[in-house]
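S.K.: Structure below; questions to follow.
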Amino acid sequence: MNEKFEAVIGLEVHAQLLTDTKIFCGCSTKFGNEPNSNVCPICLGHPGVLPVLNKKVVEFALLMGVATKSTINTNSIFARKNYFYPDLPKGYQISQYEKPICEFGSIEIEKKDGTKKNIGITRIHMEEDAGKSIHDRGETTSIDVNRCGVPLLEIVSEPDMHSAEEAYLYLAKIKQLVQYLEICDGNMEEGSLRCDANISVRPFGQKEFGTKAEIKNMNSFRNVERAINYEIKRQIELIEDGGKVIQQTLLWDADANEAHPMRSKEEAHDYRYFPDPDLVPIDINVEWFDEIKAKVPELPDAKRERFISGFHLPLYDAEVLTQTKELANYFEQVTNVTNDYKAASNWVMVEVLKVLNEQKINVENFAVTPQNLGGLINLIQQGTISGKIAKDVFAEMLETKQTAEAIVKEKNLVQISDTSEIEKIIQQIFDANENQVKEFLEGKEKVFGFFVGQTMKATKGKANPQVVNDLLKKIFESLKQ
């Protein structure tokens, strides 16, 4: 990054809410239905129809407000945001303007260097989504209005971010929160979580903001990071070459790894907001708000700290395990069965996540139940099976969904810890490998691993590795004397 300039970044995040029906009518919000099938006269804005507010949308907005420590406006209003575009049948969008439902919140992020930073949230407001224009069908543009009226929360940050890393972390925290609250699935590829970035640069030490550009059409976390870095570099190079940044809206082209102008300041819309005459003000009842606050689950930061203090896990483990509420719940259910918390953490972070990523599934669909994984860990802890055998048992559990105990019993995989039995096997290996015994006694200590391997091989991996190591050391010591 250029050391002469500081980037100033604010994000506008749209979260599509997980309600069954739209914000002002009873049409389905289901994604992927036949184009233009989830519609009615209300969401299409036909003359004479009246919108009716979906109470669940207000509840979801309040949940997000509480989670972001926002000020809740117990009285708020809807406004009409007027603009004309093919995928907006009414010619206006119902949103909130002067009196949003939530204001002045914040989210804490933690950077790679361990420093923490609060990112302010200017406002969180409710609004309806527009339709979708489809431009990839030759010379014509198709319009799918299924999305019209789908409820959104718009979360507008303060311009508190100064790097693409900070913006990435902030957006990731937003996604994590809406998923923990179960108000949005956070899927950027399907458009249920969308992000626009306002970016400007200024010389270090300057208080006034530079001229901003807005980047749209970023459909992944990686694209958000790439687009912001691209725009910061573009603006700095433009200024250093004697040019001037103009206020404009840019569309991110992920294939070309660059942004293209969409419209300039002179063409930007004047939305002519005014209160929607068809919708009454929203008054939040205190008792109802208290009920909603009681529904807020344990949030990621609190859960992470509890995992560190309650399960004595390292910070890294706690961060990985609390990335999603479902994964955290899975881990906690494992700990209901076993008290070897670090082993439980390792198995979930390594073996479980590996399978989830390979199979592209959620932990709810994972073949090994947390109870069965806890049972497997207990078998290792008790010395019934070795860690190596446990990997084989785990693979079998994935295939058959059987318990570890059943598989170990069926395949006779119980670990051999009987020292006399293992000692006999070691003696047979010594008799068959006299040269290697001599090499070790002459100081070639690397040969020790050979005997460990041969013993494990002879017992088909069932010998207790610690017992094998201890016996070999004891036998070699006696031979040296």
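Residue numbers (my numbering): 41 to 521.
Where is the CB? At the ideal position from N, CA and C, for every residue including glycine.
All of these numbers come straight from a predicted model, not from anything done at the bench.
1) Roughly how far, in whole angstroms, is the beta-carbon of residue 71 from the beta-carbon of residue 230, given that I think they are within contact range, below 8 Å?
2) Taking only the alpha-carbon atoms, compute the straight-line gap between residue 423 and residue 458 and give it to the nearest angstrom.
3) Determine whether the beta carbon atoms of residue 82 and residue 91 lie at a separation below 7 Å.
4) Report the residue from 504, 498, 502 and 488 whose alpha carbon sits nearest the alpha carbon of residue 512.
5) For residue 268 versus residue 237, is the C-beta distance shorter than 7 Å?
6) So, at 8 Å on beta carbons, what are the nonlocal neighbours of residue 388 in its own chain, with the 5 sequence-adjacent residues on each side left out?
7) Can you check whether the CB of residue 311 is closer than 7 Å to the CB of residue 123?
8) Excluding the 5 residues preceding and the 5 following residue 169 in the sequence, name in chain order all residues of the same chain whose CB lies nearer than 6 Å to its CB.
9) To the nearest angstrom, how far is it from the Cα of residue 258 to the Cα of residue 215?
10) What does the Cβ neighbour count give for residue 326, buried or exposed, with the cut at 16 atoms within 10 Å?
11) Who are the Cβ neighbours of residue 97 in its own chain at under 7 Å, not counting the five residues just before and after it?
12) Apply the 10 Å Cβ neighbour rule to residue 461 and answer buried if 16 or more other Cβ atoms are within range, or exposed otherwise.
13) Starting from the C-beta of residue 99, find all residues in its chain whose C-beta is less than 6 Å away, skip the five residues before and the five after it, and write them out in chain order.
14) Tell me which residues share the same chain as residue 406 and place their Cβ nearer than 8 Å to its Cβ, disregarding the 5 neighbours each side in the sequence.
15) In its own chain, which residues sit with a C-beta less than 6 Å from the C-beta of residue 315, not counting the 5 before and 5 after it?
16) Please return the same chain residues whose Cβ sits closer than 7 Å to the Cβ of residue 179, not counting the five positions on each side in sequence.
17) Measure from the alpha carbon of residue 47 to the alpha carbon of each residue in 500, 426, 251 and 437, then state which is nearest.
18) Mapping DSSP to helix, strand and coil, what is residue 346?
19) Which residues bound the alpha helix (DSSP H) around residue 432?
20) Within the same chain, show all residues whose beta-carbon is closer than 6 Å to that of residue 157, passing over the 5 residues directly before and after it, in chain order.
21) Using a 10 Å radius around the Cβ and a threshold of 16 neighbouring Cβ atoms, would you call residue 517 buried or exposed?
22) Measure the alpha-carbon distance for residue 44 versus residue 53 and round it to whole angstroms.
23) For residue 339, which residues in the same chain have their Cβ closer than 8 Å to its Cβ, ignoring the five residues on either side in sequence?
24) For residue 343, count neighbouring Cβ atoms within 10 angstroms of its own Cβ and tell me buried if that reaches 16, exposed if not.
M.R.: In short, the structure shows the following:
1) As a first step, residue 71 is located in the sequence shown; it is residue number 31 there, counting from the start. As a first step, residue 230 is located in the sequence shown; it is residue number 190 there, counting from the start. Their Cβ separation, rounded to whole angstroms, is 6 Å, which keeps residue 71 and residue 230 in contact under 8 Å.
2) Your numbering for residue 423 matches position 383 in the sequence shown. Your numbering for residue 458 matches position 418 in the sequence shown. Taking the straight line from one Cα to the other gives about 12 Å.
3) Mapped onto the sequence shown, residue 82 falls at position 42. Mapped onto the sequence shown, residue 91 falls at position 51. Yes, Cβ-Cβ distance for residue 82 and residue 91 is below 7 Å.
4) Your numbering for residue 512 matches position 472 in the sequence shown. Residue 512 has its Cα closest to that of 488, out of 504, 498, 502 and 488.
5) For the purposes of this step, residue 268 is taken as residue 228 along the sequence shown, with counting starting at 1. For the purposes of this step, residue 237 is taken as residue 197 along the sequence shown, with counting starting at 1. Yes, the Cβ-Cβ distance between residue 268 and residue 237 is below 7 Å.
6) Against the sequence shown, residue 388 aligns to sequence position 348. Only 361, 367, 370, 371, 374 and 413 meet the Cβ criterion.
7) Start at 1 with the first residue of the sequence shown, and residue 123 comes out as number 83. Start at 1 with the first residue of the sequence shown, and residue 311 comes out as number 271. Their beta carbons are under 7 Å apart, which means residue 123 touches residue 311 by this criterion.
8) Position 129 of the sequence shown, counted from the first residue, corresponds to residue 169. Same-chain partners within the cutoff: 187, 190 and 192.
9) Here residue 258 refers to the residue found at position 218 of the sequence shown. Here residue 215 refers to the residue found at position 175 of the sequence shown. C-alpha separation (whole angstroms): 15 Å.
10) Residue mapping note: residue 326 aligns to position 286 of the sequence shown, counting from 1. Flag for residue 326 reads exposed.
11) For the purposes of this step, residue 97 is taken as the residue at position 57 of the sequence shown. 57, 59, 63, 166 and 191, listed in sequence order.
12) Position 421 of the sequence shown, counted from the first residue, corresponds to residue 461. It is exposed - the Cβ of residue 461 has fewer than 16 other Cβ atoms within 10 Å.
13) Numbered from its first residue, the sequence shown carries residue 99 at position 59. Hits under 6 Å: 332.
14) Position 366 of the sequence shown, counted from the first residue, corresponds to residue 406. The residues are 370, 392, 395 and 396.
15) Working through the sequence shown from its first residue, we reach residue 315 at position 275. Leaving aside the five residues that flank residue 315 on each side, the residues in its chain whose CB is nearer than 6 Å to its CB run, in chain order, 117 and 119.
16) Counting from 1 along the sequence shown, the entry for residue 179 is found at position 139. Excluding residues within five positions, none has a Cβ falling inside 7 Å.
17) Taking the first residue of the sequence shown as 1, we reach residue 47 at position 7. The residue with the shortest Cα to Cα distance from residue 47 is 251.
18) Taking the first residue of the sequence shown as 1, we reach residue 346 at position 306. Assignment of residue 346 by DSSP, reduced to helix, strand and coil, places it in the helix class.
19) Mapped onto the sequence shown, residue 432 falls at position 392. Residues 427 to 440.
20) Counting from 1 along the sequence shown, the entry for residue 157 is found at position 117. If we look at residue 157 and ignore the five residues flanking it on each side, its Cβ neighbours are 149.
21) Within the sequence shown, the letter at position 477 stands for residue 517. Residue 517 is exposed by the Cβ-count criterion.
22) Numbered from its first residue, the sequence shown carries residue 44 at position 4. Numbered from its first residue, the sequence shown carries residue 53 at position 13. Taking the straight line joining both Cα atoms gives about 29 Å.
23) Mapped onto the sequence shown, residue 339 falls at position 299. The beta carbon of residue 339 lies closer than 8 Å to those of 107, 217 and 220 in the same chain, with the five residues before and after it left out.
24) Translated into positions along the sequence shown, residue 343 becomes position 303. It counts as buried.
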